[in-house]
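2 protein chains.
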Amino acid sequence: MELSNYSKIFKALSNEQRLKIFMMIYKNCCSPEGAVIGSEFQLKGESCCSVKGGLEKAFTRICDCMNLSRSTVSHHFKELQNAGLITCEREGQTYRCKINKEVVDSIKDFLK
Amino acid sequence: MELSNYSKIFKALSNEQRLKIFMMIYKNCCSPEGAVIGSEFQLKGESCCSVKGGLEKAFTRICDCMNLSRSTVSHHFKELQNAGLITCEREGQTYRCKINKEVVDSIKDFLK
DNA sequence: CTTAAGATTCTATAACTATCGAACTATCAT
DNA sequence: ATGATAGTTCGATAGTTATAGAATCTTAAG
Chain A
179 MELSNYSKIF KALSNEQRLK IFMMIYKNCC SPEGAVIGSE FQLKGESCCS VKGGLEKAFT
239 RICDCMNLSR STVSHHFKEL QNAGLITCER EGQTYRCKIN KEVVDSIKDF LK
Chain B
179 MELSNYSKIF KALSNEQRLK IFMMIYKNCC SPEGAVIGSE FQLKGESCCS VKGGLEKAFT
239 RICDCMNLSR STVSHHFKEL QNAGLITCER EGQTYRCKIN KEVVDSIKDF LK
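Line by line, the protein sequences give chains A and B. Residue numbers for the first sequence follow the working numbering, beginning at 179 and rising by one. Residue numbers for the second sequence follow the working numbering, beginning at 179 and rising by one.
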């Protein structure tokens with residue numbers, strides 16, 4: 179991977195709101211098991227983290243528990259996708275997304 | 179460490195020029211041993227990487243082999259320092275800098 | 001003391017980014 | 001069809017960032 183790809187990845191994670199979104203997905207905070215995330219990543223209201231249903235409807239839930247407009251959240255999702263960190267797909271009204279583990283691993287490799 | 183600290187670190191690495199600078203230090207490209215860095219990080223002219231002398235005069239050498247003004251390079255160094263990624267000190271006319279390994283490790287931990 | 005070299009600070013500018021609201025598209029339920 | 005829900009795209013705006021050059025400060029050498 180080229181240096182510019184890494185800077186792109188880091189750029190995607192450089193905005194705090196976007197990093198928060200990424201961590202919600204990464205730490206699987208919305209997983210069916212209701213995996214707990216570190217308190218520093220806990221969201222206000224916990225409306226997202228306490229709801230069951232995996233990473234489905236991720237978009238809506240993240241809108242609900244962050245103080246951002248839909249268009250802004252949409253933009254952040256796109257940035258994360260452009261950097262290759264996540265992939266998202268819509269199935270009807272459900273928005274599913276998941277981490278691209280290879281890319282995350284490449285960051286760790288990069289810093290080895 | 180707080181989420182905002184991580185976004186700060188990622189921001190520091192989000193600029194390609196700055197990331198290049200960081201990698202030069204990180205990969206120890208200017209070490210007395212002349213450690214080789216991956217070709218994708220090789221600099222034009224190689225005037226930096228081929229010179230002996232460790233991380234001394236890092237500033238000047240980086241100015242020489244990157245196409246950036248001194249003030250810009252100074253700015254980038256400051257950003258890397260602010261994020262806690264490196265520490266720099268001047269000893270006379272020599273500018274020494276080194277990686278803050280704990281911070282780098284904390285990124286890896288963060289992505290564990 | 002003077003000069004040169006190394007690095008910082010200040011100012012300006014052009015480019016980029018985060019954010020919102022409005023308009024739009026797509027899907028689902030009734 | 002109608003209305004409600006989910007997400008995207010567009011345009012505007014306020015704020016941030018990368019960069020250069022000029023002025024300044026610091027240290028070393030003559």
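By construction, the Cβ of each residue, glycine as well, lies at the ideal position given by its N, Cα and C atoms. A quick note: this is a predicted structure, and the numbers were derived from the prediction, not measured.
Using the Cα positions of A/Q271 and A/A190, report the straight-line distance between them to the nearest angstrom. Stepping through the first sequence from its first residue, residue 271 of chain A is reached at position 93. Stepping through the first sequence from its first residue, residue 190 of chain A is reached at position 12. Using only the alpha carbons, I get a separation of about 26 Å.
Among B/K290, B/F288, B/K276 and B/K198, whose alpha-carbon lies nearest the alpha-carbon of B/Q259? Taking the second sequence and counting its residues from 1, one reaches residue 259 of chain B at position 81. Selected option, being the one with the closest Cα: B/K276.
Hey, out of B/M202, B/E257 and B/R196, whose CA is closest to B/K235's CA? Locating residue 235 of chain B in the second sequence gives position 57, where the first residue counts as 1. Ranking the options by Cα distance to B/K235, first place goes to B/M202.
Give the residues of chain A in contact with B/N193, contact being defined as C-beta atoms less than 7 Å apart. Numbered from its first residue, the second sequence carries residue 193 of chain B at position 15. S185, listed in chain order.
Taking A/N193 as the reference, give the member of A/F237, A/D242, A/E180 and A/F255 with the closest Cα. In the first sequence, counting from the first residue as 1, residue 193 of chain A sits at position 15. With distances taken between Cα atoms, A/N193 lies closest to A/F255.
Please decide whether A/I199 counts as near chain B, where near means a Cβ-Cβ distance under 8 Å. By 1-based counting over the first sequence, the position of residue 199 of chain A is 21. Not an interface residue.
Use the C-beta contact count for A/S217: other C-beta atoms within 10 angstroms, 16 or more gives buried, fewer gives exposed. For the purposes of this step, residue 217 of chain A is taken as the residue at position 39 of the first sequence. Low confidence applies here, because A/S217 scores a pLDDT of 35, under 50, leaving its location unreliable and the question unanswered by this model.
Tell me which residues of the region 263 to 284 of chain B have at least one Cβ-Cβ distance to chain A shorter than 9 Å, keeping chain order. V282 and D283
Under 9 Å, CB to CB, which of the residues in the region 233 to 260 of chain A have a partner in chain B? none
Given this structure, state the Cα-to-Cα distance separating B/V251 from A/I264, to the nearest angstrom. One-based indexing of the second sequence puts residue 251 of chain B at position 73. One-based indexing of the first sequence puts residue 264 of chain A at position 86. Their backbone Cα atoms lie some 33 Å apart in a straight line.
Quick one: residues in its chain with C-beta nearer than 7 Å to the C-beta of B/K180, no 5 flanking neighbours on either side, listed in chain order? What you label residue 180 of chain B is simply residue 2 of the second sequence in a count that begins at 1. Before going on, a small fix: residue 180 of chain B reads as Glu here, not Lys. Result list for B/E180: empty, nothing under 7 Å.
Closer than 9 Å by beta-carbon distance: list the chain B residues that pair up with A/K205, in chain order. Walking along the first sequence from the start, residue 205 of chain A turns up at place 27. Simply none; closest approach about 10 Å.
Which residue's Cα is closest to the Cα of B/Y273: B/F237, B/M244, B/Y204 and B/S182? On the second sequence, position 95 is the one that residue 273 of chain B refers to. The shortest C-alpha separation from B/Y273 is found at B/F237.
For the beta strand (DSSP E) that contains B/K189, what are its first and last residues? As a working note, residue 189 of chain B is residue 11 in the second sequence. Where B/K189 is concerned, there is no enclosing beta strand (DSSP E), although the alpha helix (DSSP H) it sits in stretches over L181 to A190.
Per-residue DSSP class, three states only, for B/K276: As a first step, residue 276 of chain B is located in the second sequence; it is residue number 98 there, counting from the start. It is a strand residue.
Sorry if obvious, but does the Cβ on B/I240 come closer than 7 Å to a heavy atom of the ligand NAP? In the structure shown, the ligand NAP is absent, as is every other ligand, since no ligand is present at all.
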